[in-house]
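Asks: Dropping the structure in here first, questions after.
Chains as they are written, first to last, in full-length UniProt numbering: chain U, 1 to 441; chain C, 1 to 449; chain A, 1 to 297.
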C-alpha cells in the first residue's frame, strides 16, 4: 500500500495491488477447490486403504457394479426429465401470468420453495407421499377422485376359507365359485371369511336356506355369510346363530360359460336364482364383490420413487424457471407480438413462432442451470427415499457420500465418483466460459 | 412409562424354558458371580477416587427420544460422580455414516456406542479404536461372561464393553386381536401359521412387518434359522463357513415364505410392509390396531407403550416359536468403544461396565443389562426381569444376532447386503434360490475384505 | 394452450376478430385464471400440510389426515413446538446462525475485493484467472469432501464451526465474484478515474466509491448466500460435529423414525424455514435481481 502514496497521476493502480485484493479469494479457491480436484484425481487411483495402487480400477467398478449402474441410470432419468419439465412449466407459467392481475402473488407462491431448504422440502414431501390415504395428501386426493367415479361398495378382503372342506373356492381372478355344481331345487352354502365380524355387526343373523324351505323347482337357493365368530369357535362351514349374512352380494348361475341368472343377496345373506331350466349350474360370486379398495399409489415404492422425488424437485425449482423466463419475456419487444396478432396469427402461432424463439437464450440458460443442478442432486433423494428403496432411488452424488462416509469408508471409490461427477459437468463449464467470452466481446 | 406390570404367561414360559435349557451354563457361571460381587465394591471405590473436574467427554450413540433420555440419566450419574462433563450426540440410524467422517477428520467422539459387533472389527482394522485400559478390562472380567467379552474384541484385543442387550426372540401380539379371532400363543412355527390364518380369516392381518428397517427381517431370519438349522450351523453361517446357498438356508427361507407369501398375512401386503419402518409397525399394531402381531425384540415395549397400549395387558409377547428342534434365543446388543485415548473416555467405559452403572440404567424402562452382576431386582417390571435372566445365563442355544456379527457392508447397512436381499425376498418370496444366490454373492464380497 | 386467447388489453386485435373472438377471450381468460389458481393451490398445499402436521399431536397425526383440521380446528396445539424448544434443538438453531452470518459476510467481503480487482485493476493474466473462476462455478461440492476432511483433520479444526464456514465461503466465491464483477464493470469509468485523479488510495476507492454503489448487487448476493448456507445439509453432514451442527443436520439425525418422529421433524422443519421465508418475502426484489444478474447476463 505504501508504494502508492502521493498523487502519481498514472491512471490505474499497479498490478501488484491486484494481488492484495485477490489474495484471500485465490487462497480459498486454491485450497478448497483446486487442490481437492488434484488430490481426488490421485486418490481415485488407490484402493480403500489408500495404500494400494489400483490404477483405473475404481472407475472400472463404477461401470460394472450393478448398484452404481443404477445410480447412473437414475441420473440419466433425472437429467432427461427434470430440467425439461422445469423449463417447460416455467415457460407456461411465465406466459400465463402475463394475463392475470395477481401475477405478483402467484409468482411469490411458486417462488417460495426456493427459500425452503431441500431438507425441509424432503420432509414436506415425505408427508405428501405417505402411503396411507388417511395421512398422505397425494393418496387422499387420488382415492377421493377415484371413489367419486367408481363407488366400490363391496366386501374387499372377503374370501373363502383355504382348505379342501370349504364349499367355495377362490379363482385366480378373484371370482368365488361353489365347488359342487348345483341343480335347480337345491340350496348352496357359501361361507366367507377375512372380514372382521365387527364390520357387519349390525346385519341380521344369517339364515341357512334349505330345500325344504321352499326353494322353487326352477331356482337355486343359498346363503352367503361371514363364517367367523368373534372370539373363535362356531362350526366351520355351518351357519351358526351368531354369524351374520352378507347383504348385497351379486350371485350368478353359470352354465356352459354363460350367465343364466343373476341376483343379489338379501340382508340375511340368502339368495334365490330363479327361472332356471333343469341342468347343472355353477354358482359364483363375481370378483366385483370383492374389489379391493383403491388405496392410492405406492409413491415411495421402488417403481415410483424416482418420479416422486422428481416431482418434489419440480415443486422446488419451477418458480425459479418461471421468474427467469418472465424476466426474459418482459424484454421481448411487444411490437413484434402486436404486429403478428394484427396479421391474424393465432395466439398459439404467436407463442411458437415469436415468443419462444425470442426467449431461446433464456430458456437455454434455465435449462443448463437445471442440468448442472440436477447432476448434483443429493438432499431430496437422501431425505425422501425410505431406507428400503434408497438403492432404487440412488444417484451419483448420494452414492459418493455413502461410499466415502456412509459406513463404506472407501475413499478411493468415493474420489473416483467425485471425479466422475466433475467430468459430467465439464461440458457445462465450457458452455459457461464460451458464453462469457461471447458476452464480453 | 411402564408401570408395574403383570407377568405375561408367555414370558414365564419363556423364562422357564430358557432356564431349563441353560442349566449347564448356569452352574459354570455361578461361582463367578460369587467371586465378583466381593470385588466389584473395590472397583466402585477406585472410580470414586478419580475426580474428572473440567474434563469433557463426548459420547455418540444411535438413541433418540426416550432411549436417549434414559441414557442421559446414566450419564448424569457419571457426571455427578466424577465431575466430568459428558455431552451426548445422536448418530441417527447409520452409526457408520456418523463416525466415518469424524474418524477421517481426526476428530472422533471420545466414546461411541456401536450397534453391531461387526463394527468393532471394522474400526479395529482401521486402527480407529483404543484398547481398553486394564481397569476397564478388570470390570469386564468381573461382570461379563467370556461370550460377551469376546463380542467386544477384535484381533485378540479387547476394545468394547457391551452396555445394552436386546432379547430378539419374541413375538409381540395384541391381546384384543387374539381374543377376537380365538387365536392362541404358538409354540411351534406351524402353530403360528395356523393362528395367523385364524387371524386373517377373522379379518385382521396377522403381521405388521417392519420391512423398511432391514434389520427386523434379519432378526426374523436368525430366529427361524437358529431354530431350524441348530446352533452349530448358525455359528458356521455367521462366520460364512457354510455358504448361503446351503440347504439349511433354503429351509429357513421357505419357512419365512409361509408368512411372506400370503398377501392376507401382511398388513398392506409386501409393498406396504416394505414401506413400514420400525417402530411404525408397532404403532400399526398397538396404535392404529390394524394388525395383530409384530416380530421384534423386547424394546417393542417402549414403542407399544407410546402408542397407548398397556404392556402386559394389551401388549403381550410370546417366545419365538420353535421352527425345528431348537428353542431359539437370539440376542443383540450395543457395544461401547473408545475412539480417543483420553482419561475421560476410559473412566466412562469403566463406569458403564460396572455394576453401579448397570443398575442405574436397569431401573429405567426399555433396558436390559448383559452385566451378570446387575441384580434383576433393579428392573422396573417382571417382564424385563425374566428376559434379563435369560440373557445373563446365556446358554448353549443362545446366539448373538448374526447380521450384527457380519461385516457391516453385509449385515448392517441400509440398502445393502443381507438387509436388501431379505427385502427383495419379501417382495418376491417365491424365488428362494434366487434370494440365496444374492445373499451368497453379497456375503462373499463382504467377508473377503 | 390453444384455447388460450389474446389478452384483454389487445383491444385492436379483439375488435377485428369480432364478437366470437372476444367471447373466446373471456372464456380463455377464465380458464387461465382457474388453471393458475389450481397451480397455486398445488404449490401451497404441501407447505400448509407441514405447518398443520407440526401443530397436531402424535395421536392425531397417526389417526387422521392433517386436512381434518379444517373441520376440527380444536386439534391444533403448540405442544410440539414447546417440546422442541426445550430440547437440544435450540442450540442447533444458534449454530445455524453462527455458521450462516459469518459465512455470508465473509463471502461478500472477499468476493467484493476480488471482483474489484478483476473489474478495475489491470494485471497480466487477468482474463485467464477470471475464466478459471468461471470454470469453478460448476465444480460439485462432492469433489472437496474427502480432501478437505483430511486437511481439516491434519489441522485439527474438523467438526468446528470455522471449518464449516470456510468451506461455504470457498464454494460460494466463484458465483459471488462472478456476480459482483459483472456489476462492478457496469460502474461508470469516470467515477473511478476521478477518484484516482484525486489520489485516493485504491482500497479507499473500493470502500467508498465502488462498494456503496454496488449495494443492490451486494444485497442480492447476501440473500443468496444466506439462503444457500442456511439450507445446506451436505457440508454440515460431513464437517459439523454434534455440538456445532446446524438445524438441517440435527433434523436429519431424527429422520430414522420417520413415522413416529413427525412430532419433532415437522415443527423442526417448519422452524428452519421461517427465517428464510421472512427474508425471502422482505427482500424478494433483490433475490430476483440477483438471479437475473447471475444467470441471464
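Note that beta-carbon positions come from the ideal geometry of N, C-alpha and C, so glycine has one too. Because the structure is a prediction, the values reported are computed rather than measured.
Taking only three categories from DSSP, how would you classify residue 240 of chain C?
Replies: Reading the second chain from its first residue, position 240 is the one you call residue 240 of chain C. The answer is coil: DSSP assigns residue 240 of chain C none of H, G, I, E or B.
Asks: Per DSSP, which one or two residues make a beta bridge with residue 334 of chain C?
Replies: The residue labelled residue 334 of chain C in the question sits at position 334 within the second chain. Residue 334 of chain C is bridged to C/164.
Asks: Looking at the C-beta of residue 253 of chain A, does it have a partner C-beta in chain C at a distance below 7 Å?
Replies: Translated into the one-based positions of the third chain, residue 253 of chain A becomes position 253. Taking Cβ atoms only, chain C reaches closer than 7 Å to residue 253 of chain A, which makes this a yes.
Asks: Going by beta carbon distance, what residues of the same chain come within less than 8 Å of residue 54 of chain U, once the five residues before and after it are set aside?
Replies: In the first chain, the residue the question calls residue 54 of chain U occupies position 54. So the qualifying residues of the chain are 45, 46, 47 and 412.
Asks: Along the chain, where does the alpha helix (DSSP H) containing residue 271 of chain U start, and where does it finish?
Replies: In the first chain, the residue the question calls residue 271 of chain U occupies position 271. No alpha helix (DSSP H) contains residue 271 of chain U, which is instead part of the beta strand (DSSP E) from 270 to 273.
Asks: Starting from residue 258 of chain U and walking both ways along the beta strand (DSSP E), at which residues does that stretch end?
Replies: Here residue 258 of chain U refers to the residue found at position 258 of the first chain. Note, residue 258 of chain U: beta strand (DSSP E), 258 to 264.
Asks: Can the beta-carbon of residue 75 of chain U be found less than 7 Å from the beta-carbon of residue 389 of chain U?
Replies: Taking the first chain and counting its residues from 1, the one referred to as residue 75 of chain U is at position 75. Taking the first chain and counting its residues from 1, the one referred to as residue 389 of chain U is at position 389. Contact flag unset, no.
Asks: Can you find a C-beta in chain C that's less than 7 Å from the C-beta of residue 378 of chain U?
Replies: Looking up residue 378 of chain U in the first chain gives position 378. No, its Cβ sits nowhere closer than 7 Å to a Cβ of chain C.
Asks: Helix, strand or coil for residue 55 of chain A? Go by DSSP, reduced to three states.
Replies: If you number the third chain from 1, residue 55 of chain A lands on position 55. In this structure, residue 55 of chain A counts as coil in the three-state DSSP scheme.
Asks: Is residue 273 of chain A near the ligand PLP - that is, is its Cβ less than 6 Å away from at least one heavy atom of it?
Replies: Among the ligands in the structure shown, none appear at all, so the ligand PLP cannot be discussed.
Asks: Span of the alpha helix (DSSP H) holding residue 420 of chain C?
Replies: Indexing the second chain from 1 puts residue 420 of chain C at position 420. Residue 420 of chain C -> alpha helix (DSSP H) spans 417 to 427.
Asks: Would you please verify whether the beta carbon of residue 68 of chain C is less than 7 Å from any beta carbon of chain U?
Replies: Position 68 of the second chain, counting from 1, holds the residue named residue 68 of chain C. By this cut-off, residue 68 of chain C is not an interface position.
Asks: Does residue 336 of chain U pass the burial test, meaning 16 or more other C-beta atoms within 10 Å, or should it be called exposed?
Replies: Looking up residue 336 of chain U in the first chain gives position 336. It is exposed - the Cβ of residue 336 of chain U has fewer than 16 other Cβ atoms within 10 Å.
Asks: Output, in sequence order along the chain, the residues in the segment 101 to 130 of chain C whose CB is closer than 9 Å to any CB in chain U.
Replies: So the list reads 101, 103, 104, 119, 122 and 126, given in the order they occur along the chain.
Asks: DSSP on residue 108 of chain C, reduced to helix/strand/coil?
Replies: The count along the second chain starts at 1 and reaches residue 108 of chain C at position 108. DSSP places residue 108 of chain C in coil when its eight states are reduced to three.
Asks: Quick check on the DSSP output: the alpha helix (DSSP H) that includes residue 272 of chain C runs from which residue to which?
Replies: For this step, residue 272 of chain C is matched to residue 272 along the second chain. Note, residue 272 of chain C: alpha helix (DSSP H), 269 to 274.
Asks: Cβ atoms of residue 168 of chain C and residue 398 of chain C: under 7 Å apart, would you say?
Replies: The residue given as residue 398 of chain C occupies position 398 in the second chain. The residue given as residue 168 of chain C occupies position 168 in the second chain. No, these two residues do not count as a Cβ contact at 7 Å.
Asks: Please list, in chain order, the chain U residues whose beta carbon lies closer than 9 Å to that of residue 216 of chain A.
Replies: Numbered from its first residue, the third chain carries residue 216 of chain A at position 216. Per Cβ cutoff of 9 Å: no residues; residue 216 of chain A is ~15 Å from chain U at best.
Asks: Identify the continuous alpha helix (DSSP H) that holds residue 81 of chain A and give its terminal residues.
Replies: The count along the third chain starts at 1 and reaches residue 81 of chain A at position 81. First-last of the alpha helix (DSSP H) with residue 81 of chain A: 79 to 86.
Asks: Can you list, in chain order, the residues of the segment 424 to 439 of chain U whose Cβ is nearer than 7 Å to any Cβ on chain A?
Replies: Taking 7 Å as the Cβ-Cβ cut-off against chain A, the residues of the segment 424 to 439 of chain U that qualify are 425, 428, 429, 432, 433, 436 and 439.
Asks: What is the DSSP secondary structure of residue 239 of chain A, reduced to helix, strand or coil?
Replies: Counting from one through the third chain, the residue named residue 239 of chain A turns up at place 239. Residue 239 of chain A falls in the helix class under three-state DSSP.
Asks: Looking at the unbroken alpha helix (DSSP H) that takes in residue 289 of chain C, where does it start and where does it end?
Replies: Taking the first residue of the second chain as 1, we reach residue 289 of chain C at position 289. Here residue 289 of chain C belongs to no alpha helix (DSSP H), and DSSP marks it neither H nor E.
Asks: Where does residue 61 of chain C fall in DSSP's three states?
Replies: In the second chain, the residue the question calls residue 61 of chain C occupies position 61. Three-state DSSP puts residue 61 of chain C in a strand.
Asks: When you compare the CB positions of residue 183 of chain C and residue 199 of chain C, do they come within less than 7 Å of one another, or not?
Replies: What you label residue 183 of chain C is simply residue 183 of the second chain in a count that begins at 1. What you label residue 199 of chain C is simply residue 199 of the second chain in a count that begins at 1. Against a cut-off of 7 Å, the Cβ pair of residue 199 of chain C and residue 183 of chain C comes out as a contact.
Asks: Below 9 Å on C-beta distance, what does residue 113 of chain A contact in chain U?
Replies: For the purposes of this step, residue 113 of chain A is identified with residue 113 of the third chain, where counting begins at 1. Those are 20, 21, 22, 23, 24 and 25, listed as they occur along chain U.
Asks: With a cut-off of 8 Å, do at least 3 Cβ pairs link the segment 254 to 269 of chain C to the segment 207 to 222 of chain C?
Replies: Yes, the segment 254 to 269 of chain C touches the segment 207 to 222 of chain C.
Asks: Could you pull the start and end residues of the beta strand (DSSP E) that residue 86 of chain C belongs to?
Replies: Position 86 of the second chain, counting from 1, holds the residue named residue 86 of chain C. Note, residue 86 of chain C: beta strand (DSSP E), 85 to 90.
Asks: Let me know the secondary structure DSSP gives residue 11 of chain A once reduced to three states.
Replies: Along the third chain, one-based indexing puts residue 11 of chain A at 11. For residue 11 of chain A, the predicted structure reports a pLDDT of 43, less than 50, and the residue's modelled location is therefore unreliable. The matter cannot be settled from this model.
Asks: Who are the near neighbours of residue 180 of chain A in its chain, counting only those whose CB is closer than 7 Å to its CB and skipping five residues on each side?
Replies: Numbered from 1 along the third chain, position 180 holds the residue referred to as residue 180 of chain A. Cβ within range, chain order: 111, 112, 115, 214, 217 and 221.
Asks: Using the Cα positions of residue 39 of chain C and residue 377 of chain C, report the straight-line distance between them to the nearest angstrom.
Replies: In the second chain, the residue the question calls residue 39 of chain C occupies position 39. In the second chain, the residue the question calls residue 377 of chain C occupies position 377. Residue confidence is low: residue 39 of chain C scores 38 on pLDDT, short of 50, so the model does not pin down where it sits. Its coordinate-derived value is still stated next. Cα-Cα distance, rounded: 20 Å.
Asks: Does the segment 332 to 347 of chain C touch the segment 49 to 65 of chain C, meaning 3 or more C-beta pairs lie closer than 8 Å?
Replies: Contact between the segment 49 to 65 of chain C and the segment 332 to 347 of chain C is present, because at least three Cβ pairs lie under 8 Å.
Asks: Just how far apart, CA to CA, sit residue 74 of chain C and residue 141 of chain C?
Replies: Taking the second chain and counting its residues from 1, the one referred to as residue 74 of chain C is at position 74. Taking the second chain and counting its residues from 1, the one referred to as residue 141 of chain C is at position 141. Whole-angstrom Cα-Cα distance: 22 Å.
Asks: Would you say residue 202 of chain C faces chain U, with C-beta separation under 7 Å as the test?
Replies: Counting from one through the second chain, the residue named residue 202 of chain C turns up at place 202. Yes, because at least one Cβ of chain U sits closer than 7 Å to the Cβ of residue 202 of chain C.
Asks: Closest Cβ-Cβ distance between residue 222 of chain U and chain A: below 7 Å?
Replies: Locating residue 222 of chain U in the first chain gives position 222, where the first residue counts as 1. It does not; no Cβ of chain A falls within 7 Å.
Asks: My assumption, with CB atoms under 8 Å, is that residue 50 of chain A sits in contact with residue 269 of chain A. Please give the rounded CB distance.
Replies: Against the third chain, residue 50 of chain A aligns to sequence position 50. Against the third chain, residue 269 of chain A aligns to sequence position 269. That belief holds up - the Cβ atoms of residue 50 of chain A and residue 269 of chain A are roughly 6 Å apart, short of 8 Å.
Asks: Can you find the residues in the same chain that come closer than 7 Å, C-beta to C-beta, to residue 417 of chain C, ignoring five residues on each side of it along the sequence?
Replies: Within the second chain, numbered from 1, the residue matching residue 417 of chain C stands at position 417. Counting only Cβ-Cβ distances below 7 Å, and skipping sequence neighbours, we find 409, 410, 411, 442 and 446.
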